[in-house]
Amino acid sequence: MFVDEAKVYVKGGDGGNGMVAFRREKYVDMGGPAGGDGGKGADVVFIVEEGLRTLVDFRYKRHFKAVRGENGRPKNQHGAGAQDLVVKVPPGTVVYDDDTQEVIADLVTHGQTAVIAKGGKGGRGNVRFANPKNPAPHIAEKGEPGEERYIRLELKVLADVGLVGFPSVGKSTLISVISAAKPKIASYHFTTLSPNLGVVDAGDYRSFVVADLPGLIEGAHEGVGLGHQFLRHVERTRLILHVIDMAGSEGRDPYEDYVAINRELELYNEKLATRPQIVVANKMDLPEGAENLAEFKQKVGSEVQIISISAATRMGIQELIYAVADRLETLPQVPLVEEVEQEERLLYKAEPEDKEFTIHRDNEMYVVVSAKLEKMVERMDFSHYDAAERFAFILRKMGVDQALRKYGAVDGDTVRIGDLVFDFID
Ligand SMILES: Nc1nc2c(ncn2[C@@H]2O[C@H](COP(=O)(O)OP(=O)(O)OP(=O)(O)O)[C@@H](O)[C@H]2O)c(=O)[nH]1
Ligand SMILES: [Mg+2]
Numbered sequence: 055m056f057v058d059e060a061k062v063y064v065k066g067g068d069g070g071n072g073m074v075a076f077r078r079e080k081y082v083d084m085g086g087p088a089g090g091d092g093g094k095g096a097d098v099v100f101i102v103e104e105g106l107r108t109l110v111d112f113r114y115k116r117h118f119k120a121v122r123g124e125n126g127r128p129k130n131q132h133g134a135g136a137q138d139l140v141v142k143v144p145p146g147t148v149v150y151d152d153d154t155q156e157v158i159a160d161l162v163t164h165g166q167t168a169v170i171a172k173g174g175k176g177g178r179g180n181v182r183f184a185n186p187k188n189p190a191p192h193i194a195e196k197g198e199p200g201e202e203r204y205i206r207l208e209l210k211v212l213a214d215v216g217l218v219g220f221p222s223v224g225k226s227t228l229i230s231v232i233s234a235a236k237p238k239i240a241s242y243h244f245t246t247l248s249p250n251l252g253v254v255d256a257g258d259y260r261s262f263v264v265a266d267l268p269g270l271i272e273g274a275h276e277g278v279g280l281g282h283q284f285l286r287h288v289e290r291t292r293l294i295l296h297v298i299d300m301a302g303s304e305g306r307d308p309y310e311d312y313v314a315i316n317r318e319l320e321l322y323n324e325k326l327a328t329r330p331q332i333v334v335a336n337k338m339d340l341p342e343g344a345e346n347l348a349e350f351k352q353k354v355g356s357e358v359q360i361i362s363i364s365a366a367t368r369m370g371i372q373e374l375i376y377a378v379a380d381r382l383e384t385l386p387q388v389p390l391v392e393e394v395e396q397e398e399r400l401l402y403k404a405e406p407e408d409k410e411f412t413i414h415r416d417n418e419m420y421v422v423v424s425a426k427l428e429k430m431v432e433r434m435d436f437s438h439y440d441a442a443e444r445f446a447f448i449l450r451k452m453g454v455d456q457a458l459r460k461y462g463a464v465d466g467d468t469v470r471i472g473d474l475v476f477d478f479i480d
């Protein structure tokens, strides 16, 4: 089964905790602070591996957690940073944040990497908090939690050739005779529900990858039928094989079919209108074929390349394979993947530091909303007695105290910042 989408949970490693420790030396009475910083948590990093073609691996492994940084140690030793968790993905993988739908990374070329979940910073040990006024601080930070999120991986099939056409025109039959793919074939419409990939060996050291796609119908570009969710696969192929039931075996008109499918392609994405195309006139074993083909050729003119075949009897198959291989040789390798401007291909965004805060009232409580302070609350280890003092100092310095006072807070009122609830002391 071909998998082209996967949902995965990723979490960067937590930072190691900073340490509160003091020197204890034989002849020194009061040793100075000696608690080291915690190490940085590991990142989850995706790397493009050329050899991969599908997201099938992500069906079995859906959780990727990087390891945490080591805690800080005494004698001012820092905790070790952790080794990144490197995950291989096939070229053409687009990574979305599953909650915001924001593109996190568009992974195209071999070896390209992107940090998908950042590891947390290590907390600072008490050495870092020492100053002349407080030479022996009992403060250390906890490690910052690693970034975590649910992501969606999307792989646009990296096929050279896409088989496009109405249902039941013989697309699956065709891929089954030109490759080892064994798709379901049946006379009812929408037999094919998901793309099948097949590698075609031309027999002369040339090969290419073909994608058999679900049938398209009118309105496909806006979601009618099944085809539209697979039209995006067509976007990344270099060549379209437009398969037509030339016998008109279901009472269809081959020329009208041809026009209708091309219109759907164009309505879905203008660029598909100019994508190189070979028309495959199938079912030529049936008696109506010859006459219909003559008429079709007259209508489309000599510009359109047409190969007539019968997927059922294998007539014309080898000629078709050579024609495709020849055509592919003239086409650039690159547009396999639509090129994105470098600056659009954002890898990850550094969040701007938010220094502002706002205050509002929640019943009897004053709530201070501030990304910076909330982060600090999360990181500060309030079990050390200097921590509260230091936090109070920061609130004063940022002007939070003054703002609360202005807002009407008086001695003894309750204030909340993130998870921290405390009394306002004026
Ligand atoms: N006579 C004849 N019948 C064919 C030929 N190729 C395919 N068929 C028949 O046409 C029917 C549909 O074939 P499929 O290959 O399943 O068609 P499809 O285009 O993949 O259809 P969907 O997956 O529904 O879009 C089957 O009954 C096939 O046996 C051919 O060259 N000649
Ligand atoms: Mg099919």
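The opening position of the sequence shown corresponds to residue 55 in the numbering used here, with each subsequent residue numbered one higher. By construction, the Cβ of each residue, glycine as well, lies at the ideal position given by its N, Cα and C atoms.
TODO: Give me the Cβ distance between Lys-236 and Thr-245, rounded to the nearest whole Å; I'm assuming they're in contact under 8 angstroms.
DONE: So it is not a contact: roughly 13 angstroms between Cβ atoms.
Task: Residue burial classification, Ser-233 (beta-carbon count within 10 angstroms, cutoff 16) - done: buried
TODO: Return the first residue and the last residue of the beta strand (DSSP E) that Gly-252 is part of.
DONE: Element bounds for Gly-252: 250-255.
Open item on the list: Rounding to the nearest angstrom, what Cα-Cα distance links Gly-453 and Gly-86 in this structure?
Closed with: Using only the alpha carbons, I get a separation of about 32 angstroms.
Open item on the list: Here's the rule I'm using: 16 or more other beta-carbon atoms within 10 Å means buried, otherwise exposed. How should Ala-404 be labelled?
Closed with: Only weak support is given to the placement of Ala-404: the predicted model assigns it a pLDDT of 33, under 50, and the value that follows is read from those uncertain coordinates. Exposed, because fewer than 16 other Cβ atoms sit within 10 Å of the Cβ of Ala-404.
Task: N- and C-terminal bounds of the alpha helix (DSSP H) containing Ala-265 - done: Unbroken run through Ala-265 is the beta strand (DSSP E), 261-266; no alpha helix (DSSP H).
Task: Straight-line gap, Tyr-439 to Asp-473 (C-alpha atoms, nearest Å) - done: 18 angstroms
- [ ] State the beta-bridge partners of Glu-208 as determined by DSSP.
- [x] Glu-59, Val-148
Open item on the list: Residues in the same chain with beta-carbon distance under 6 angstroms from Tyr-322, minus the five sequence neighbours each way, listed in chain order, please.
Closed with: His-275, Leu-285
- [ ] Check whether the Cβ of Ser-226 sits closer than 6 angstroms to any heavy atom of ligand 2, and report yes or no.
- [x] yes
TODO: Can you tell me which of Ala-301, Val-334, Asn-336, Glu-324 puts its alpha carbon nearest to the alpha carbon of Glu-345?
DONE: Ala-301
Task: Option in Pro-191, Thr-468, Ile-363 with minimal Cα separation from Asp-416 - done: Distance from the Cα of Asp-416 is smallest, within the candidate group Pro-191, Thr-468, Ile-363, for Thr-468.
- [ ] Quick one: grab the DSSP three-state call for Phe-76.
- [x] strand
Open item on the list: Closer than 6 angstroms to a non-hydrogen atom of ligand 1 - does that hold for the CB of Val-223?
Closed with: yes
- [ ] With DSSP collapsed to three states, give me the class of Tyr-242.
- [x] coil
Task: ligand 1 heavy atom lying under 6 angstroms from the CB of Ala-335 - done: Ligand 1 never approaches Ala-335 closely enough for any of its heavy atoms to be under 6 angstroms from the residue's Cβ.
Open item on the list: Tell me whether Gly-269, by its Cβ, gets closer than 6 angstroms to a heavy atom of ligand 1.
Closed with: Indeed, a heavy atom of ligand 1 lies less than 6 angstroms from the Cβ.
Open item on the list: Taking contact to mean 3 or more Cβ pairs, one atom from each stretch, closer than 8 angstroms, check whether the segment 125-143 and the segment 217-232 are in contact.
Closed with: Between the segment 125-143 and the segment 217-232, the count of Cβ pairs shorter than 8 angstroms is below three; the stretches do not touch.
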